[in-house]
Amino acid sequence: YQQTFDRYTKITIVEVNNNAVNLLGDTLINSLGNDVRYGSIWDDKLRGTFGNDKIYASLGDDSIHGLTGDDILEGGKGNDKLNGGFGDDKLHGSFGDDTLVGGGGSDTMVGGNGADTFVFNRSDSLLGDDFDIIKDFQVGLDKVKFQGFGQIDSKTWYNNGINQGYLTNTSNGALLSDAKGGEVLFENVNLNQLKHSDFHFA
109 YQQTFDRYTK ITIVEVNNNA VNLLGDTLIN SLGNDVRYGS IWDDKLRGTF GNDKIYASLG
169 DDSIHGLTGD DILEGGKGND KLNGGFGDDK LHGSFGDDTL VGGGGSDTMV GGNGADTFVF
229 NRSDSLLGDD FDIIKDFQVG LDKVKFQGFG QIDSKTWYNN GINQGYLTNT SNGALLSDAK
289 GGEVLFENVN LNQLKHSDFH FA
């Protein structure tokens, strides 16, 4: 089945049963399988399913939410927000100043070009055995934001992290370890390169 719309039509697909969907519209939500989805030149809102989805934004400032499953999310151009949800996800911001939220699970995140923000929510990040990887953290440009942790002085936290051993160097990069067992690896970044100003609390 194929339906053609003109460029001024706003599209919302509420439920589909196909395993692959190509979208040139604005909103795609609540499909039922392991889907492949594409954004448009507009500011899209793309949402995954309970399966292992692949969602690719295009132009515009897009919002992508993977929900559950081991998803692959790619932002494309624009200042995009990617939220992996639950599962072991792969997030790629590509171009623009992007916000990447791994969510629950062991996630791999690539900010790409631009000043990107990697968000760890207290409710679903750094829990249990989660092991997140930031593959291209740009010191002095990218930021890490700890959401829901309250107003904590980042300089004090950073110094305590080094002194108490929850910020350490490894052969693969700087490693942040949480008391609950979660870890974040700043791949190919030496701990001495990081500064307290790279971290923010809210």
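Residue numbers for the sequence shown, in this note's numbering: 109 to 310.
Here a beta-carbon is modelled for each residue, glycine too, at the ideal position from N, C-alpha and C.
These figures come from a predicted structure and were not determined experimentally.
Apart from the 5 residues on each side of it in sequence, LEU181 sits with its Cβ closer than 6 Å to the Cβ of ILE163, ILE172, GLY174, LEU190 and LEU199 in its chain, given in chain order. Per DSSP, the continuous alpha helix (DSSP H) segment holding ASN271 begins and ends at 262 to 272. SER214 and ASP232 have their C-alpha atoms roughly 11 Å apart.
When C-alpha distances from LEU299 are compared across ASN277, PHE307 and ASN271, the shortest belongs to ASN277. Note: ASP240 is bridge-paired with VAL292 in the DSSP secondary-structure output.
Rounded to the nearest whole angstrom, the C-alpha separation of ASP151 and GLN259 is 32 Å. For the 8 Å CB-CB criterion, GLY195 and GLY177 form a contact. Judged by beta-carbon spacing, VAL218 lies within the 8 Å limit of GLY201, meaning their Cβ atoms are closer than that value.
PHE309 sits close to PHE254, with the two beta carbons spaced by under 8 Å. Looking from the CA of LEU284, the closest CA among PHE239, GLY248, LYS263 and GLN301 belongs to PHE239.
DSSP, read as helix, strand or coil, puts GLN255 in strand. Note that the C-beta distance between HIS304 and TYR274 is not below 8 Å. Rounded to whole angstroms, the separation of the alpha carbons of ASN221 and ASN268 is 31 Å. Judged by beta-carbon spacing, GLY186 lies within the 8 Å limit of GLY168, meaning their Cβ atoms are closer than that value.
With a threshold of 16 other beta carbon atoms within 10 Å, LEU208 meets it and is buried. Per DSSP, the beta-bridge partners of SER285 are GLU291. Closest in C-alpha terms to SER148, from the list SER166, ASN160, GLY159 and THR216, comes SER166.
LEU302 carries a coil assignment under DSSP once its states are collapsed to helix, strand and coil. ARG145 carries a strand assignment under DSSP once its states are collapsed to helix, strand and coil.
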